[in-house]
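Step one of this worksheet: look at the structure below.
There are 2 protein chains.
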Amino acid sequence: MSVPSNMQAVRWHPPSYDIRVESIPIPEIQHPDDAIVKVKLAALCGSDLHVYRGHGGVDKVHTCGHEFIGEVVSLGSSYRTNTQGRPKLYSTLKVGDKVVSPFTVNCGECHVCRLGYTARCPEGALFGSPALEGGQAQYVRVPKAGGTLFNLSNPNTWSTALSEQEKEKALTGLADSSLLMLADILPTGVFAALQALNHPKVQPILTGRPWPLCFSPEISTEGNEISFTPEDRILTIAIIGLGPVGICAAVSLLDALATRKIPFRIVAIDLLEARREKMKAVYDAIDASGKGSGEFEVLSADDAKVLVDDWTGGVGCTAVLEVVGHPSALTSAYNLVRDFGAIVSVGVHGEPPLPYTGRQVYNKNVSFDFGRCPARAMFPLAFDLLVKRQDVFGGVGQAASLIDRIVSFKEATENYRAFDKGEVGKVIFSPWDC
Amino acid sequence: MSVPSNMQAVRWHPPSYDIRVESIPIPEIQHPDDAIVKVKLAALCGSDLHVYRGHGGVDKVHTCGHEFIGEVVSLGSSYRTNTQGRPKLYSTLKVGDKVVSPFTVNCGECHVCRLGYTARCPEGALFGSPALEGGQAQYVRVPKAGGTLFNLSNPNTWSTALSEQEKEKALTGLADSSLLMLADILPTGVFAALQALNHPKVQPILTGRPWPLCFSPEISTEGNEISFTPEDRILTIAIIGLGPVGICAAVSLLDALATRKIPFRIVAIDLLEARREKMKAVYDAIDASGKGSGEFEVLSADDAKVLVDDWTGGVGCTAVLEVVGHPSALTSAYNLVRDFGAIVSVGVHGEPPLPYTGRQVYNKNVSFDFGRCPARAMFPLAFDLLVKRQDVFGGVGQAASLIDRIVSFKEATENYRAFDKGEVGKVIFSPWDC
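Protein chains in written order, with full-length UniProt numbering: chain A, 1 to 434; chain B, 1 to 434.
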């Protein structure tokens, strides 16, 4: 495929608040493992604002954006000559394939990637950072693309949980704006929900056996334990932060609880009424199969504390999902979690210290999971959820849509400004609209 | 059984460093659920030193000690009249039974206890604190004894993992000084090891499947993942702090890894050479069935960091057990743990804040488990280990013994002083020696 020599890209300039749409050279293959992707859609993410505001300690002009989908237009030589024992995409990816990338690069073949911890691959880099040009451009270079990309055109690389019918639907029926959610917000939401449901502190409730016998099905004690009541087996979970990731976490959690028929009470929490209204609209849009039979409430933090105490007789939440990335959200999480509860934090945290004393965490027997989603490793499960719940994840600009609008690059500067001010929710750029 | 009206007890007096052996009234049944236990042995624990030194914010004279074993001499009326649907000890415990108590009371029948989180029972209290007279006395009152005590005379209340032969051996062959380790140090060590081995972040290594597919045996992705190498499946674990609990954690971990045939590398760490020598002697005393086939090294923290980097090519430990209870140990744990690793902290922490910024825990995807061992819930598994490993846990005063000496109450004041100064390791009181 022949490509022109220049392209349009959304570029950040130091020191802050300076977004320019510029014409720059189209990226070229620099390494045999590279792919060049023609971008169909690229999104603006809350974490882009750190650099935008000049808080990132960055002084290098660079192309923004770490959420994009597109089509492969060029592949390095590895895709013909160096495929043996490597990630399957090195032998199967073709020019013309539709792909989505996680927000970071990962090689897919080192020890860290083999374990599935792709977000911390030593070869990793964040798109749209000084280390790697971003996806808010007409073309983007993807290093280690055979380990990084997810091939939306090839059902053989998807999870076996999808039926043939669902795979067919996925190939033809998913909007690009929905598929774009795979880049970050959907896998991160699924990651939060999955960590909560697989947490050891949650297992007594899920198995109906006391800690630590919940881990040892072969052992019983004929001694002292008392049978669980039905009330004991209700999971109580709070989700703090109802931006796009928090809403994805809620949908993922509801789906998993409904599928596994686990009784639950969930309270979804945000300071902002607009976000709470979005969460309610999304919840209303989920059909019965994805809602399960538990309670689901959307509240401010103070009201949520009262409700959780009422639900649990003062015990607190089994697990709390923190999807904000601010110390105050970690404090709220501590106040809501039960003794022997789990706080799952996927919020991006910075220099402030964790707001806990040693005594606080000892006295409540709290567990924590911190950190960045290994998005590439989450893709198969996140994709399954996207296919199942495209009724929820489909639209643009409606009450229940996670995406507010799709705009051209000409509107980039204004949309960065509006997004920063909270005047608009999730924005997608369509790089080829003029 | 008739009992005299007064007894000897080791009492703490404010403000600090004032231990007196005094004659006080023998405790009586105050509540129908109470038991009175005649103490055979009571131990001195590192955490007793908080109050001893006047750091506990305590100003009430009280009997010390939260580790004791003994014999039931009196039972409240519940044991005859209020047994229905309650912990089995309310219907089976008899005067004359030999019992061990966890360091805290728990009712055994509330929601928290049903889930196995006995260390946080709302009815709980710590023995040897202003809230509850301790076990360094000739008699001790045990509230909620039907939920709290473990009946060493009744194999029907033990775990089914023990064979009939092992149960017989346990009834007759275990020294009281060994059984006393059940009160605190052994279950706390088992708790630390168990949390590490059941941690979700460890599951890729144990299952050979990448995160998050390690949680979903029914799903596969025919896509990109690369098979694990044998090296990928080696667990690398550090244990920081080689007091009695740290040593118990090491023995428990080694036993579990040997039983499950998991390849491993363990580094056990302490500042003090005497503790490192004790750990080495204990390791040498373990027979081949309890050692497994991994590597086990005992080092200072700096040397351990070099070794772990060498073992793992700079990746770090899959899990770190923190058994110290000081912020510096948490910092060492962070430095040793890998990205997507787990820090299991059973050390008792106080007012200092956790020594981590939000960025540190986000950037390393660290998980933490904090808090107090639910000792009563751990008893069946800890007892199994004690029976299996009594070769290690048996002696007193030998190189490999966790217990340094057994002394009379007359020597209590001097032994508190020596223990506080680190001149002696674990000390046991024999309350009836004169």
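Virtual Cβ for every residue (Gly too), placed ideally from N, Cα, C.
- Under a 10 Å Cβ-count criterion, Ser332 of chain A is classified as buried, with 16 or more other Cβ atoms of the shown protein chains found around its own Cβ.
- Chain A has a Cβ within less than 8 Å of the Cβ of Asn365 of chain B.
- Residue burial is scored here from C-beta neighbours: Tyr17 of chain A has fewer than 16 other C-beta atoms within 10 angstroms and is therefore classed as exposed.
- Setting aside the 5 residues that flank it on each side, Asn6 of chain A is surrounded in the same chain by Ser23, Ile24, Pro25 and Ile26, each with a C-beta closer than 8 Å to its C-beta; the list follows chain order.
- Among the CB atoms of chain B, one or more fall inside 8 Å of the CB of Phe370 of chain A.
- Between Ile269 of chain A and Ala304 of chain A, the CB-CB gap stays under 8 Å.
- DSSP places Asn156 of chain A within a helical segment (H, G or I) once states are collapsed to three.
- Using a CB distance cut-off of 8 Å, Arg120 of chain B counts as an interface residue toward chain A.
- Against chain A, the beta carbon of Ala35 of chain B has no neighbour under 8 Å; the closest one sits roughly 14 Å away.
- By DSSP's assignment, Tyr416 of chain A forms no beta bridge with any residue.
- DSSP places Glu277 of chain A in the helix class (H, G or I) of the three-state scheme.
- Contact residues of the region 207–234 of chain A toward chain B are Arg209, Pro210, Trp211, Pro212, Leu213, Cys214, Phe215, Ser216, Glu218, Ile219, Ser220, Thr221, Glu222, Gly223, Asn224, Glu225, Ile226, Ser227, Phe228, Thr229, Glu231 and Asp232 (C-beta to C-beta distance below 9 Å).
- In this structure, DSSP gives Glu411 of chain A a helical state, which the three-state scheme calls helix.
- For Asn106 of chain B, there are no neighbours in chain A by C-beta distance under 7 Å, as the nearest C-beta there is about 10 Å away.
- Between the region 201–215 of chain A and the region 228–244 of chain A, the count of Cβ pairs shorter than 8 Å is three or higher; the stretches touch.
- In the three-state DSSP reduction, Gly314 of chain B falls in the coil class, being neither helix nor strand.
- Counted as a single uninterrupted DSSP element, the alpha helix (DSSP H) harbouring Ile205 of chain B occupies residues Gln203 to Thr207.
- Nearest neighbour of Val72 of chain A by Cα position, chosen from A:Thr81, A:Val140 and A:Thr83, turns out to be A:Val140.
- In this chain, Asn106 of chain A is not harboured by any beta strand (DSSP E), its DSSP state being neither H nor E.
- Residue B:Cys317 holds the alpha-carbon nearest to the alpha-carbon of Ile343 of chain B among B:His326, B:Gly350 and B:Cys317.
- Here the C-alpha atom of Gly85 of chain A lies approximately 20 Å from the C-alpha atom of Gly124 of chain A.
- CA-CA distance, Thr63 of chain A to Arg11 of chain A, rounds to 4 Å.
- At a cut-off of 8 Å, the C-beta of Thr160 of chain A has a neighbouring C-beta in chain B.
- For Phe340 of chain B, the chain A residues whose Cβ falls inside 7 Å of its Cβ are Tyr117 and Arg120, in order along the chain.
- With a minimum length of 4 residues, the unbroken runs of alpha helix (DSSP H) contained wholly in the region 216–273 of chain B fall at 244–259.
- Judged by pairs of C-beta atoms under 8 Å, the region 351–369 of chain A does not touch the region 379–388 of chain B, as fewer than three such pairs exist.
- Contact annotation for Gln195 of chain A against chain B: Pro200 [CB-CB distance below 8 Å, chain order].
- Unbroken alpha helix (DSSP H) runs of no fewer than 4 residues, entirely contained in the region 50–84 of chain A, are found at 78–81, following chain order.
- Pairing His50 of chain A with Phe103 of chain A gives a Cβ-Cβ distance that is not under 8 Å.
- Burial is judged here by how many other beta carbons sit within 10 angstroms of a residue's own beta carbon; Trp158 of chain B has at least 16 and is buried.
- Here Asp284 of chain B carries a helix assignment [DSSP, helix/strand/coil].
- Using a Cβ-Cβ cut-off of 8 Å, Ala329 of chain A does not count as an interface residue toward chain B, since no Cβ of chain B sits closer than that to its own.
- Of all C-beta pairs linking the region 425–433 of chain A to the region 296–314 of chain A, fewer than three are shorter than 8 Å, placing the two stretches out of contact.
- Only buried fits Lys98 of chain B, as 16 or more other CB atoms lie within 10 angstroms of its CB.
- Straight-line spacing of the CA atoms in Trp211 of chain B and Gln398 of chain B works out to 45 Å.
- Contact between Ser367 of chain A and His199 of chain A holds: their C-beta atoms lie close to 7 Å from each other, under 8 Å.
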